[in-house]
Amino acid sequence: MKLFAGTPLEIPYLKFKKQKLGVFSLGVLLLLYTALLFEGFLAPYGPNTKFREKSYHPPHRVRFFKDGKLIGPYVHEYVLVNPIFKSYQVDRSQVHRIRFFVQGEPYKLLFLFPSSIHLFGTADGAPVFLLGTDNLGRDLLSRMIYGAKISLTIGFVSIFLALFGGILIGGLSGYIGGITDWLIMRLAEIIILLPTFYFFLFLRSVMPSDISPGQRFFYITAILAIPSWAGSARGIRNWVLSLKNADFVIASVIAGASKVTILLRHIIPQIRHILILNITLSVPGIILGEAGLSFLNLGITEPSVSWGMLMNAAMDINILLRYPWLLSPALIIILTVFSFFAFGYALKDSLDPRT
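Numbered per our numbering, the sequence shown spans residues 5 to 359.
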């Protein structure tokens, strides 16, 4: 029998590598967050750039062969034939060659460096819409890329706020004990029992309406974080109870360390793997919460962009049936949520010493 003696990091890493779905999901998440950093480069247009004569334009079909010859990627022009129902017809006589690394609208690369180079565009400057446009003629692909910034960051910011509250409240609750522990846990249980989305709606109802986009992001982040601290606090409290009488904790008490120092420097590091799992498995719920609020026009609003807000355009079933590409943001939300869950459960199995 061959034995392997690895470090505490090597063993989980090797176990994680064997879980193909988890590795694939991690790759998807890395691609999404990389796209977030390079949004201006990847998006052919700005999030609010309008082509008013191209409203509800269907997705361009990228072709490579013309008259049996390979000429590289290109698209045909679409001509509006019914202005009322926004029906388009392909004009095969007009060809727009797709080029890479083209000049376009100015933006800031990595949010810092001015640039105007985009990943792709057309050689003659004609607009290309790989995922179609919305009612104002805005490129849906560009808006989805820019929308990732809010949809993907709001989850982590909210969870870190909730986790900070959970560590502070739950940790002190478990370590202090007594009536303080009882009161905090009863409050946490009440919050856990509340229907989460309706609680979101209640908190949103007390949010000021006349605020800037930055303030709105802060408020929505806080709204999503408030119900989440209770579950974190309850779990952390249970772990603290199991560790508060450990030898290293008793030694710290004898040495004169404060309760906060013992909690943050001695107890919390012992449960860091639990905190990592908590973050990974909680982010999808926050993403769905933001998407739900924005879908109902109660979350992120114009001129900001999020995936949930883009879904608002597909609320009318008649519009959705006529222009099905408006459902594209829902697909990226599903992919993101699935990837987080698959990665989280793979990470959970990798960190579990019993597997």
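Glycine residues also receive a C-beta, built at the ideal position from the N, C-alpha and C atoms.
On the CB-based measure, 16 or more other CB atoms within 10 Å of its CB, does residue i come out buried or exposed?
{"i": "Arg96", "result": "exposed"}
{"i": "Thr137", "result": "buried"}
{"i": "Phe222", "result": "exposed"}
{"i": "Ile196", "result": "exposed"}
{"i": "Leu13", "result": "exposed"}
{"i": "Met189", "result": "buried"}
{"i": "Gly129", "result": "exposed"}
{"i": "Ile304", "result": "buried"}
{"i": "Asp143", "result": "buried"}
{"i": "Ile224", "result": "buried"}
{"i": "Gly44", "result": "buried"}
{"i": "Arg326", "result": "exposed"}
{"i": "Tyr179", "result": "buried"}
{"i": "Ser232", "result": "buried"}
{"i": "Glu294", "result": "buried"}
{"i": "Asn139", "result": "exposed"}
{"i": "Gly363", "result": "The chain is shown only over 5 to 359; residue 363 falls outside these bounds and no answer can be derived."}
Do you know how far the Cα of residue j is from the Cα of residue i?
{"i": "Gly72", "j": "Gly218", "result": "53 Å"}
{"i": "Phe1", "j": "Leu25", "result": "With the chain represented from 5 up to 359, any question about residue 1 goes unanswered, as that position is not in the structure."}
{"i": "Arg103", "j": "Ile266", "result": "60 Å"}
{"i": "Ser298", "j": "Ser310", "result": "8 Å"}
{"i": "Pro63", "j": "Ser91", "result": "12 Å"}
{"i": "Leu228", "j": "Phe168", "result": "14 Å"}
{"i": "Pro328", "j": "Leu156", "result": "24 Å"}
{"i": "Thr53", "j": "Ala234", "result": "42 Å"}
{"i": "Pro87", "j": "His61", "result": "11 Å"}
{"i": "Phe89", "j": "Asp320", "result": "15 Å"}
{"i": "Ser146", "j": "Pro199", "result": "35 Å"}
{"i": "Tyr82", "j": "Thr126", "result": "14 Å"}
{"i": "Tyr202", "j": "Leu84", "result": "43 Å"}
{"i": "Gln93", "j": "Ser354", "result": "53 Å"}
{"i": "Ser29", "j": "Ile283", "result": "16 Å"}
{"i": "His277", "j": "Ala250", "result": "18 Å"}
{"i": "Ala192", "j": "Ala166", "result": "12 Å"}
{"i": "Leu116", "j": "Gly312", "result": "27 Å"}
Does DSSP put residue i in a helix, in a strand, or in coil?
{"i": "Tyr202", "result": "helix"}
{"i": "Ser310", "result": "coil"}
{"i": "Asn242", "result": "helix"}
{"i": "Lys70", "result": "strand"}
{"i": "Ile272", "result": "helix"}
{"i": "Phe160", "result": "helix"}
{"i": "Val132", "result": "coil"}
{"i": "Asp214", "result": "coil"}
{"i": "His277", "result": "helix"}
{"i": "Lys90", "result": "coil"}
{"i": "Tyr82", "result": "strand"}
{"i": "Gln219", "result": "helix"}
{"i": "Tyr49", "result": "coil"}
{"i": "Ile75", "result": "strand"}
{"i": "Gly169", "result": "helix"}
Are residue i and residue j close, meaning C-beta to C-beta below 7 Å?
{"i": "Arg241", "j": "Ser177", "result": "yes"}
{"i": "Val66", "j": "His100", "result": "no"}
{"i": "Pro307", "j": "Phe345", "result": "no"}
{"i": "Lys153", "j": "Leu40", "result": "yes"}
{"i": "Val27", "j": "Ser343", "result": "no"}
{"i": "Phe55", "j": "Gly151", "result": "no"}
{"i": "Ile173", "j": "Ala237", "result": "yes"}
{"i": "Leu314", "j": "Ile149", "result": "no"}
{"i": "Gly175", "j": "Val244", "result": "yes"}
{"i": "Ile121", "j": "Phe105", "result": "yes"}
{"i": "Asn316", "j": "Asn301", "result": "yes"}
{"i": "Leu331", "j": "Ala318", "result": "yes"}
For residue i, which residues from the same chain have a beta carbon less than 6 Å from its beta carbon, with the 5 sequence-adjacent residues on both sides left out?
{"i": "Gln23", "result": "Ala350"}
{"i": "Leu281", "result": "Lys352"}
{"i": "Ile275", "result": "Trp243"}
Chain D beta carbons: is any one of them nearer than 7 Å to that of residue i?
{"i": "Lys248", "result": "Checking the listed chains, one finds no chain D in this structure; it contains a single protein chain."}
Which residues in the same chain have their Cβ closer than 7 Å to the Cβ of residue i, if we skip the five residues on either side of it in sequence?
{"i": "Ile171", "result": "Ile240 and Ile272"}
{"i": "Leu36", "result": "Ala152, Leu156 and Thr340"}
{"i": "Pro131", "result": "Phe55 and Lys58"}
Residues in the same chain with beta-carbon distance under 8 Å from residue i, minus the five sequence neighbours each way, listed in chain order, please.
{"i": "Leu292", "result": "Ile337 and Val341"}
{"i": "Phe68", "result": "Leu74, Ile75, Gly76, Pro77 and Tyr78"}
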